[in-house]
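**Student:**
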Amino acid sequence: MYETILTERRGHIGVVTLNRPKLHNAFNDVLVAELNSVFEAAEHDESLHALVLTGAGPSFCAGADTHWMRGMANASQLDNREDSLKLARLMRRLNFLDMPTIARVNGSAYGGGIGLIACCDIAIGTDDAKFALSEVKLGLVPAVISPYVVDAIGLRQARRLFVTGEVFGAEHAVDIGLLHEHVAAEQLDARVLELVKRLQKAGPLARRNAKRLALRVAGRSEPEQVKQDTENADLIARLRVSDEGQEGLGAFLDKRKPDWVEESNVEDACKEPS
3 MYETILTERR
13 GHIGVVTLNR
23 PKLHNAFNDV
33 LVAELNSVFE
43 AAEHDESLHA
53 LVLTGAGPSF
63 CAGADTHWMR
73 GMANASQLDN
83 REDSLKLARL
93 MRRLNFLDMP
103 TIARVNGSAY
113 GGGIGLIACC
123 DIAIGTDDAK
133 FALSEVKLGL
143 VPAVISPYVV
153 DAIGLRQARR
163 LFVTGEVFGA
173 EHAVDIGLLH
183 EHVAAEQLDA
193 RVLELVKRLQ
203 KAGPLARRNA
213 KRLALRVAGR
223 SEPEQVKQDT
233 ENADLIARLR
243 VSDEGQEGLG
253 AFLDKRKPDW
263 VEESNVEDAC
273 KEPS
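Numbering (my numbering), first residue to last: 3 to 276.
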């Protein structure tokens, strides 16, 4: 049925697999549309007890693919805004999906891939997985995914990772709350199965209301999120068409350093004052 994802029903559990392994399951417009469709359908399926989200191949999700990024760089601010709103709708649907969700993080995740993890209720990753919110290196910010990432890792950690774009491993991902656990790759399926069995011991109505309760107590609601998504889409659209965003995207696509990177100045700034 789908071009970029696989869907499977295992009893009362749904499994959605990002299926672009040669491109590390990176986002494009088709993947965003298909995930939106699947999550919308799941929302209306009361027989589903939980949803597992994972990736095919060695990676979970590498963020935006280069073809999509090239399209962003050449698009108008209005088109970039509409593009961002579609991704925002996807993240919002996953975050507020009326059932428990498990991110089976089978490998590394960057940018929007981290957003998918943060939107899930439970996240289990492999020991060797790497993560980064590297948008600032392109002259951009992780605008659309920011509400969910801040919820997952907290403001203090987000303030560091948003501005550095640094790569971190699974152990640090657990320390800051992005992952709940990390396990050896060969143990991932067994651990996810164990969590699914725990979820199925809960009453179906209680299970759904427990998730709603947590979101409500935290002050999270879909109507408020729609408003924030619009503001964040406006922000990223402006940055993508700005001079800095154009330079950052162009440098990434051309495999060169952007013009603001000056290594010698960085080294001088980090020297001990005399």
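Positions of the beta carbon are idealized from the N, C-alpha and C atoms, including for glycine. Bear in mind the structure is a predicted one, so any value in this text is a computation, not a measurement.
(1) Quick test of your reading: Leu118 and Leu55, contact by CB under 8 Å. State the CB separation rounded to the nearest angstrom.
(2) Does the segment 106-120 come close enough to the segment 55-66 that 3 or more CB-CB pairs lie under 8 Å?
(3) Near Leu50, which residues of its chain fall below 8 Å by C-beta distance, leaving aside the five closest residues on each side in sequence?
(4) Identify every residue that forms a DSSP beta bridge with Ala154.
(5) Who are Thr128's beta bridge partners in DSSP?
(6) Would you kindly report the start and end of the unbroken beta strand (DSSP E) that includes Val107?
(7) For the candidate residues Lys132, Arg91, His26, whose alpha-carbon lies nearest to that of Ser39?
(8) Would you say the segment 231-243 touches the segment 76-96, given that touching needs at least three Cβ pairs under 8 Å?
(9) How about the segment 178-197 and the segment 119-131: do they share at least three Cβ pairs that are nearer than 8 Å?
(10) Can you give me the C-alpha to C-alpha distance between Lys139 and Glu48, rounded to a whole angstrom?
(11) Output needed for Ala175: all residues of its chain with C-beta closer than 6 Å, excluding positions within five of it in sequence on either side, in chain order.
(12) Indicate the three-state DSSP secondary structure (helix, strand or coil) for Gly141 in the structure shown.
(13) Could you work out which residue in His184, Cys121, Glu42, Asp256 is closest to Asp153 when comparing CA atoms only?
(14) Can you check which of these residues, Leu37, Asp67, Asn21, His46, is closest to Leu255 by C-alpha distance?
(15) I'd like to check one pair, Tyr150 with Met93: are the Cβ atoms closer than 8 Å?
(16) Does the Cβ of Pro144 have 16 or more other Cβ atoms within 10 Å, making it buried, or fewer, making it exposed?
(17) Short of 8 Å in beta carbon distance, which residues of its chain neighbour Lys259, apart from the five on each side in sequence? Order them along the chain.
(18) Relative to the C-alpha of Ala105, which candidate in Asp245, Glu42, Val198 has its C-alpha closest?
(19) Considering only residues of the same chain and omitting the five flanking positions on each side of Val165, which have a CB-CB separation below 8 Å?
(20) By how many angstroms is the C-alpha of Val34 removed from the C-alpha of Arg193?
(21) Let me check understanding here. Comparing Cα to Cα, which of Ser136, Ala186, Gln189, Arg158 lies closest to Glu168?
(22) I'd like to confirm the pairing. Which residues does DSSP put opposite Val18 in its beta bridges?
(23) Excluding the five sequence neighbours on either side, which residues of its own chain have a C-beta within less than 7 Å of the C-beta of Asn108, listed in chain order?
**Tutor:** Once the coordinates are examined:
(1) For this step, residue 118 is matched to residue 116 along the sequence shown. For this step, residue 55 is matched to residue 53 along the sequence shown. Yes, they are in contact, since the Cβ atoms of Leu118 and Leu55 sit about 6 Å apart, within 8 Å.
(2) yes
(3) Taking the first residue of the sequence shown as 1, we reach residue 50 at position 48. The residues are His14, Ile15, Gly16, Ala44, Met101.
(4) Numbered from 1 along the sequence shown, position 152 holds the residue referred to as residue 154. Paired residues: none, contrary to the question.
(5) Here the question's residue 128 lines up with position 126 in the sequence shown. Answer by DSSP bridge pairing, in chain order: Val185.
(6) One-based indexing of the sequence shown puts residue 107 at position 105. Where Val107 is concerned, the enclosing beta strand (DSSP E) stretches over 103-107.
(7) Residue mapping note: residue 39 aligns to position 37 of the sequence shown, counting from 1. Looking at the Cα atoms, Arg91 is the closest of the given residues.
(8) yes
(9) yes
(10) Residue numbering aside, residue 139 sits at position 137 when the sequence shown is read from its first letter. Residue numbering aside, residue 48 sits at position 46 when the sequence shown is read from its first letter. Cα-Cα distance, rounded: 42 Å.
(11) Within the sequence shown, the letter at position 173 stands for residue 175. Excluding residues within five positions, the ones whose Cβ falls inside 6 Å are Phe133, Leu181.
(12) Here residue 141 corresponds to residue number 139 of the sequence shown, with the count starting at 1. In the structure shown, Gly141 sits in coil (DSSP, three-state: anything other than H, G, I, E or B).
(13) Residue mapping note: residue 153 aligns to position 151 of the sequence shown, counting from 1. Out of His184, Cys121, Glu42, Asp256, Cys121 has the C-alpha closest to the C-alpha of Asp153.
(14) The sequence position of residue 255 within the sequence shown is 253, counting from 1. Among Leu37, Asp67, Asn21, His46, the Cα nearest to that of Leu255 belongs to Asp67.
(15) If you number the sequence shown from 1, residue 93 lands on position 91. If you number the sequence shown from 1, residue 150 lands on position 148. Taking 8 Å as the Cβ cut-off, Met93 and Tyr150 qualify as a contacting pair.
(16) To locate residue 144, count along the sequence shown from 1; it is residue 142. Burial call: buried.
(17) On the sequence shown, position 257 is the one that residue 259 refers to. Here the set comprises Ala253.
(18) Looking up residue 105 in the sequence shown gives position 103. Ranking the options by Cα distance to Ala105, first place goes to Val198.
(19) What you label residue 165 is simply residue 163 of the sequence shown in a count that begins at 1. Closer than 8 Å at the Cβ level, and outside the excluded window around Val165, lie Val138.
(20) Within the sequence shown, numbered from 1, the residue matching residue 193 stands at position 191. Within the sequence shown, numbered from 1, the residue matching residue 34 stands at position 32. So the two alpha carbons sit approximately 28 Å from each other.
(21) For the purposes of this step, residue 168 is identified with residue 166 of the sequence shown, where counting begins at 1. Per the Cα distances, Ser136.
(22) In the sequence shown, counting from the first residue as 1, residue 18 sits at position 16. Its beta-bridge partners are Thr9, Leu55.
(23) Taking the sequence shown and counting its residues from 1, one reaches residue 108 at position 106. Once the five neighbours on either side are set aside, the close Cβ partners of Asn108 are Thr56, Gly57, Phe62, Thr128, Leu190.
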